[in-house]
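Working notes, structure below.
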Amino acid sequence: MFRNLIIVAFCVFYSYSIHSQQTAIFTNDLETFNKAIELYDNEQFLAAQSLFDRVQRQVQDETIKGDCAYYIANCAVRLNQQNADELMETFVADYPTSIKRNDAYINVANFYFENGKYSYARKWYDKVDESSLSRGEREKFNFNNGYAYFRNKRYNEAKKYFNRVSDSQKYGAQAKYYLGFIAYEGDEYEEANELFESVKDEERYAEGLSYYQADMNFKLGKFQEAIDMGLEQYENSSPMERSELSKIIGESYFNLGKYKEAIPYLTEYKGKRGKWSNTDYYLLGYAYYKQKDYENAIGEFNKIVDGRNAVAQNAYYHLAESYLKLDKKQQALNAFKNASEMDFSEEIREDAWLNYAKLSYEIGNSYQPVPQVLLSFIEAYPKNRNNEALKDLLIDSYLSSKNYKEAITLLENNKSFENKLAYQKVAFFRGLELYNEGNYDEAVSYFDKSLKEPRDPVYTARATFWKAESDYHRSYFDKALVGYKQFLQLPQSSQTPEFENSQYNLAYNYFKLKNYSEAINSFKGYVESSSSNGARKQDAFLRLGDSYFVTSQYWPAMENYNQAISLGSPDKDYAAFQKAISYGFVERDSKKLEELEQFNATYPKSIYRDDALYELGNTYASLERNNEAIKAYDKLVRELPGSSYTSRALLKKALIYDNSGKSEDALAIFRRVAKDYPGSAESLQAVSSAKLIYIDLGRVSEYADWVRTLDYVEVEDAELDDATYTAAEQPYLENKLNQAKGRFEEYLSEFPNGRHALKAHFYLGQIYFGDNDGSKAIPHYEFVASKERSEFTEQALARVSELYLTKKDYENAIRYLKRLEVEADFPQNIVFAQTNSMKASYELKRYADAVAYAEKVLQNGKIDNSIKSDAQVVIARSAMKTGDEDKAKNAYAKVATIATGKLAAEALYYDAYFKNKSGNYEGSNASVQKLAKDYSGYKEFGAKGLVLMAKNFYALDDAYQASYILESVITNFTDFPDVVEEAKAELAVIKAAQSKTNSSVETGDN
3 MFRNLIIVAF
13 CVFYSYSIHS
23 QQTAIFTNDL
33 ETFNKAIELY
43 DNEQFLAAQS
53 LFDRVQRQVQ
63 DETIKGDCAY
73 YIANCAVRLN
83 QQNADELMET
93 FVADYPTSIK
103 RNDAYINVAN
113 FYFENGKYSY
123 ARKWYDKVDE
133 SSLSRGEREK
143 FNFNNGYAYF
153 RNKRYNEAKK
163 YFNRVSDSQK
173 YGAQAKYYLG
183 FIAYEGDEYE
193 EANELFESVK
203 DEERYAEGLS
213 YYQADMNFKL
223 GKFQEAIDMG
233 LEQYENSSPM
243 ERSELSKIIG
253 ESYFNLGKYK
263 EAIPYLTEYK
273 GKRGKWSNTD
283 YYLLGYAYYK
293 QKDYENAIGE
303 FNKIVDGRNA
313 VAQNAYYHLA
323 ESYLKLDKKQ
333 QALNAFKNAS
343 EMDFSEEIRE
353 DAWLNYAKLS
363 YEIGNSYQPV
373 PQVLLSFIEA
383 YPKNRNNEAL
393 KDLLIDSYLS
403 SKNYKEAITL
413 LENNKSFENK
423 LAYQKVAFFR
433 GLELYNEGNY
443 DEAVSYFDKS
453 LKEPRDPVYT
463 ARATFWKAES
473 DYHRSYFDKA
483 LVGYKQFLQL
493 PQSSQTPEFE
503 NSQYNLAYNY
513 FKLKNYSEAI
523 NSFKGYVESS
533 SSNGARKQDA
543 FLRLGDSYFV
553 TSQYWPAMEN
563 YNQAISLGSP
573 DKDYAAFQKA
583 ISYGFVERDS
593 KKLEELEQFN
603 ATYPKSIYRD
613 DALYELGNTY
623 ASLERNNEAI
633 KAYDKLVREL
643 PGSSYTSRAL
653 LKKALIYDNS
663 GKSEDALAIF
673 RRVAKDYPGS
683 AESLQAVSSA
693 KLIYIDLGRV
703 SEYADWVRTL
713 DYVEVEDAEL
723 DDATYTAAEQ
733 PYLENKLNQA
743 KGRFEEYLSE
753 FPNGRHALKA
763 HFYLGQIYFG
773 DNDGSKAIPH
783 YEFVASKERS
793 EFTEQALARV
803 SELYLTKKDY
813 ENAIRYLKRL
823 EVEADFPQNI
833 VFAQTNSMKA
843 SYELKRYADA
853 VAYAEKVLQN
863 GKIDNSIKSD
873 AQVVIARSAM
883 KTGDEDKAKN
893 AYAKVATIAT
903 GKLAAEALYY
913 DAYFKNKSGN
923 YEGSNASVQK
933 LAKDYSGYKE
943 FGAKGLVLMA
953 KNFYALDDAY
963 QASYILESVI
973 TNFTDFPDVV
983 EEAKAELAVI
993 KAAQSKTNSS
1003 VETGDN
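Residue numbers (the working numbering): 3 to 1008.
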């Protein structure tokens, strides 16, 4: 209509112009102008713009020029040309008096409005002179301007314009609808409801109003009205609106306590952009909880991840209760712990903490010591009516938690709740724990602490016994003797588990003190009272035999050796050897020879075989059965060349030859001993014996030439060498070690290759070892080890390998351990060599070697469970490193049956690990729970177990448990950065997955 008025105006104007100016040019311009108007009306804007441009350039009349500029700019607007605004601005600037100026503003603004470009529209509406608009134009202006502000969410400006047309017949209903929406957005629900009511009969608004009115009634607490309004529109609503109505209806039923009715609608809600919030999960979970549908309640509650508000605290509390109803105590413990850490509701916090404390006592706690949990609750809530019962649990928890180290700290540092009986027991068990770890010095300090609180006589007796045991292992045998005697004198000693073997331990202590008569009495007392024929009784018969043997009571010694053999002692070869040589002391040489021959046939692999062959040769020699003696010596030298008896056997054989007139044969052997065993006692004796033969043969110069080839023999200085060495050895034997140290150093400085250099180096090594100066001891032990086998070789190898192990120099340690394994005569040194070669190989990542040594160790029937568990653990760890998890699984299963302390915790962790790998998530969690209850003192395995538990829960679709456990690990176990990093990685995966469905979950990308 606007455009038609313009055309009429132009027609009138031009009619007048034609009559006034009858020129051909003007007629042509008018014709072109009218053609452009026609094209403009037919929306052929580009063609029209071109003609208007031509007319503007040709015509002289300023009015026509202004009209052309007006239409050119209008065409540019409708063609969305980049310079449209500029053209319109130019028109306004160039033709300020044009009657089309206001029309231009309103026309352009309306065009932008109709095309949904509300920001552009407002720019031009702002230029309009409202006073020049007709009433109809003004109403449209106000509504369009209000709507443009509304669409840009500038509700205050929009409200001003909508209010101007709220009574308009044409725009009033629309204005009230939008004013109602503005009030709704501003939480002015009463006003919004009133405005919506005024337009509810308008068909075009009725459908949308039902949702808003339902929502407003809900927000006003008019829940039944909200339900009614929502249901009215529910079936006819769009899917998106139905989702929102489901939420309103469901929450309204929830607030009315109609949980059963709420559930179907709460479940129908699709969330905002496909995501629920923690509150949404809480409402549905609580509705299920109130219906006693605990499985579904848990399914919703445990989707509440990252909750840090009152809703989350409430949800976690009811989640914990739901878990308890289903007897899922570990899950309940975590949820109660989470709720107890929030303070939005103090009542919930206190009750959650109480339940967390009780469950910690019942099933264990990987996060913190159980006594600490109980004590912290009692201190935080001193007036809680459950505290008396909790105090009883606290006393018992010190023991049941088995985290004795933490328990001692709590008891010693918390004088407000002293319990001397609990302290006595905890100190005892901490001492026992340290004893089992081989830390005897510290163990004694805890047994002393226990004994200072003699509340329970049974634990007083037990602490007395184990203190004596610790003293025994520290070689304080006099102290240990006092302790054992005190134990046996206590009335309650017979009520302890230690009593059964106390006589055995006492007997060993007497044996170590060389009080053999008392050792005999105690060993006899033990074997007579023991009903078992196990390893301890077998060993008691052996030691009883030894005690008789060293006191020259050979017949009873043999009787007890026979008992050990008949009981199947693993040391029956030792018993058989001792029995054989005992016959020699009762002048039954023929029987001795028979037993020794039998020994060699029966025990061909015994470590005492060289002893037996040497003793056999000596016995034949003493009976002047020289050929048989030589055969025995030759067999020893041939079959056991590394034996410490080899040089002695050669020397004995040479002496037989010398005594029987075979001087040249004797000389050959003496020369061999001197060459092959330089510096040893045997080599010195060989040189001395050879000297006599050379003198007898009148070949003194030959002797002198030979001796000069031996760098450890200097004939001229022999007496000075001996004197200097004796001056050093004497204070050593008198335990004047500092004096001896200086003199040995002087001797070696003066006689570096002296006759006694080997012994001097060994004794210096011993002195430095005793001073804990390993770096100085090592060269001396290495000197001894580098020489031919001597009586000092075995101990030097053991000590030097021990020192390298202490320095974690595993390469050098293994070098000497390998020799020790082959050359050792003492069984304990062989076990030492094999077990430490096993550990050193593992540290050097030579896993095949580590396993090979571990398997050797396990073949030894004489080792105890601690060594067995060490070997199995090395097999297991090596298998894990090489990816052989089946082998590791079997090895850890064996460890679990015999290990204690840290190794038991490690085995239990891997039991959980392998169950997780096989998909047995419930079983894996049960193992982690046992780890928390029985081995809470081993924090690293506790932390690793929790990460494993989190993985299990996530696999069981319990994201809440998984994420909460991982967050707790990250917070509580910073001492183990590798475990924390693994927890962070797992948590990131879980949160990323949960954030896809839960709008309350924040990820690192948010």
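All residues carry an ideal CB built from backbone N, CA and C; glycine is no exception.
Among all the DSSP beta bridges, which residues are the ones paired with Lys274? By one-based count along the sequence shown, residue 274 stands at place 272. According to DSSP, which records beta bridges pairwise, Lys274 is partnered with Lys277.
What are the residues that DSSP puts in a beta bridge with Asn1000? Your numbering for residue 1000 matches position 998 in the sequence shown. Paired residues: Trp278.
Counting only runs of 4+ residues fully inside the segment 542 to 583, write out the alpha helix (DSSP H) ranges in chain order. 556 to 568
Out of Ile877, Ala901 and Gly547, state which residue places its alpha-carbon closest to the alpha-carbon of Asn892. To locate residue 892, count along the sequence shown from 1; it is residue 890. Nearest C-alpha to Asn892: Ile877.
Take the Cβ of Gln51 as the centre, count every other Cβ of all protein chains shown within 10 Å, and call the residue buried at 16 or more, exposed below. In the sequence shown, counting from the first residue as 1, residue 51 sits at position 49. Buried is the call here.
If you run the structure through DSSP and keep just helix, strand and coil, what is Val991? Mapped onto the sequence shown, residue 991 falls at position 989. If DSSP states are grouped into helix, strand and coil, Val991 belongs with the helices.
Boundaries of the alpha helix (DSSP H) in which Arg59 is found, first to last residue: The count along the sequence shown starts at 1 and reaches residue 59 at position 57. Segment Phe47 to Gln60, the alpha helix (DSSP H) holding Arg59.
Consider the Cβ of Gln176: report whether some Cβ of chain B lies at a distance smaller than 8 Å. The chain inventory of the structure shown lacks chain B, comprising one protein chain alone.
Out of Phe978, Asn974 and Ser965, point me to the one whose CA is closest to Glu988's CA. Locating residue 988 in the sequence shown gives position 986, where the first residue counts as 1. Comparing Cα-Cα distances from Glu988 to each of Phe978, Asn974 and Ser965, the minimum goes to Ser965.
Could you tell me which whole alpha helix (DSSP H) segments of length 4 or greater appear in the segment 65 to 149? The segment 65 to 149 contains these whole alpha helix (DSSP H) runs: 86 to 96, 103 to 116 and 120 to 127.
Check whether the segment 113 to 124 touches the segment 90 to 103, taking contact to mean three or more Cβ pairs, one atom from each stretch, closer than 8 Å. no
Limits of the alpha helix (DSSP H) - the one that Arg674 falls within: Numbered from its first residue, the sequence shown carries residue 674 at position 672. Taken as a continuous stretch (DSSP letters only), the alpha helix (DSSP H) holding Arg674 covers Ser665 to Asp678.
Rounding to the nearest angstrom, what Cα-Cα distance links Arg817 and Asp866 in this structure? Locating residue 817 in the sequence shown gives position 815, where the first residue counts as 1. Locating residue 866 in the sequence shown gives position 864, where the first residue counts as 1. When rounded, the separation of the alpha-carbon atoms in Arg817 and Asp866 is 26 Å.
Closest by C-alpha distance to Val61, when choosing among Phe35, Gln84 and Ala742: Residue 61 sits at position 59 when you count from the first residue of the sequence shown. For Val61, the nearest C-alpha among the options comes from Phe35.
Around the Cβ of Trp557, are there at least 16 other Cβ atoms within 10 angstroms (buried) or fewer (exposed)? Walking along the sequence shown from the start, residue 557 turns up at place 555. The residue is exposed, with fewer than 16 neighbouring Cβ atoms inside 10 Å.
Given 8 Å, three or more beta-carbon pairs between the segment 918 to 925 and the segment 287 to 302: no
Cβ neighbour criterion (16 or more within 10 Å) applied to Tyr962: For the purposes of this step, residue 962 is identified with residue 960 of the sequence shown, where counting begins at 1. Buried.
Give the secondary structure of Asn1014 by DSSP, where H, G and I count as helix, E and B as strand, and everything else as coil. As displayed, the chain neither begins before 3 nor continues past 1008, which places residue 1014 out of reach and without an answer.
Residues in the same chain with beta-carbon distance under 7 Å from Asn1, minus the five sequence neighbours each way, listed in chain order, please. No information on residue 1 is available, as it lies outside the stretch 3 to 1008 that the chain covers here.
Please confirm whether Gln315 and Ala289 have their CB atoms less than 8 Å apart. In the sequence shown, counting from the first residue as 1, residue 315 sits at position 313. In the sequence shown, counting from the first residue as 1, residue 289 sits at position 287. No.
What residue from Asp959, Ser792 and Pro781 has the CA that sits closest to Leu686's CA? Position 684 of the sequence shown holds residue 686. Measuring from the Cα of Leu686, the nearest candidate turns out to be Ser792.
Cα separation between Gly885 and Gly366? As a first step, residue 885 is located in the sequence shown; it is residue number 883 there, counting from the start. As a first step, residue 366 is located in the sequence shown; it is residue number 364 there, counting from the start. Roughly 32 Å between the two C-alpha positions.
Is the beta carbon of Asp794 sitting closer than 8 Å to the one on Leu760? Mapped onto the sequence shown, residue 794 falls at position 792. Mapped onto the sequence shown, residue 760 falls at position 758. It is Phe, not Asp, that sits at residue 794 in the sequence shown. Yes, they are a contact pair.
Can you grab the Cα-Cα spacing for the pair Leu453 / Tyr358, in whole Å? The sequence position of residue 453 within the sequence shown is 451, counting from 1. The sequence position of residue 358 within the sequence shown is 356, counting from 1. Their Cα atoms are separated by approximately 34 Å.
Alpha helix (DSSP H) runs wholly inside the segment 404 to 465, at least 4 long, in chain order: For the segment 404 to 465, whole alpha helix (DSSP H) runs of length 4 or above, ordered along the chain, are 406 to 415, 422 to 438 and 442 to 453.
Give the straight-line distance between the Cα atoms of Arg166 and Tyr149, rounded to the nearest whole angstrom. Residue mapping note: residue 166 aligns to position 164 of the sequence shown, counting from 1. Residue mapping note: residue 149 aligns to position 147 of the sequence shown, counting from 1. The straight-line gap from Cα to Cα measures roughly 12 Å.
From Asn257 to Thr281, what distance separates their C-alpha atoms? On the sequence shown, position 255 is the one that residue 257 refers to. On the sequence shown, position 279 is the one that residue 281 refers to. When rounded, the distance between both Cα atoms is 14 Å.
Are the segment 975 to 982 and the segment 243 to 262 touching, with three or more C-beta to C-beta distances below 8 Å? no
Alpha carbon to alpha carbon, what distance is there between Lys67 and Gln58? Here the question's residue 58 lines up with position 56 in the sequence shown. Here the question's residue 67 lines up with position 65 in the sequence shown. The alpha-carbon atoms of Gln58 and Lys67 are separated by roughly 5 Å.
Under 8 Å between C-beta atoms of Leu546 and Phe525: Here residue 546 is taken as the residue at index 544 of the sequence shown, counted from 1. Here residue 525 is taken as the residue at index 523 of the sequence shown, counted from 1. Yes, the Cβ-Cβ distance between Leu546 and Phe525 is below 8 Å.
Rounded C-beta distance between Leu396 and Ser362? I'm assuming under 8 Å. Along the sequence shown, read from residue 1 onward, the residue named residue 396 stands at position 394. Along the sequence shown, read from residue 1 onward, the residue named residue 362 stands at position 360. That belief does not hold up - the Cβ atoms of Leu396 and Ser362 are roughly 11 Å apart, past 8 Å.
Is the distance from the Cβ of Ala957 to the Cβ of Leu968 below 8 Å? Counting from 1 along the sequence shown, the entry for residue 957 is found at position 955. Counting from 1 along the sequence shown, the entry for residue 968 is found at position 966. Cβ atoms of Ala957 and Leu968: not closer than 8 Å.
Evaluate Ser592 with the Cβ neighbour count: other Cβ atoms within 10 Å of its Cβ, from every protein chain shown; 16 or more gives buried, anything less gives exposed. Residue mapping note: residue 592 aligns to position 590 of the sequence shown, counting from 1. The residue is exposed, with fewer than 16 neighbouring Cβ atoms inside 10 Å.
Label Phe828 either buried or exposed according to how many other C-beta atoms from any shown protein chain fall within 10 Å of its C-beta, with 16 as the threshold for buried. Here residue 828 corresponds to residue number 826 of the sequence shown, with the count starting at 1. By the neighbour-count definition (other C-beta atoms within 10 Å, threshold 16), Phe828 is an exposed residue.
Whole beta strand (DSSP E) runs in the segment 466 to 524 with 3 or more residues, listed along the chain? List check, beta strand (DSSP E) in window: nothing returned.
For Leu89, which residues of its own chain have a beta-carbon under 7 Å away from its beta-carbon, when the five flanking residues on both sides are left out? Translated into the one-based positions of the sequence shown, residue 89 becomes position 87. Closer than 7 Å at the Cβ level, and outside the excluded window around Leu89, lie Ile74, Ala75 and Ala78.
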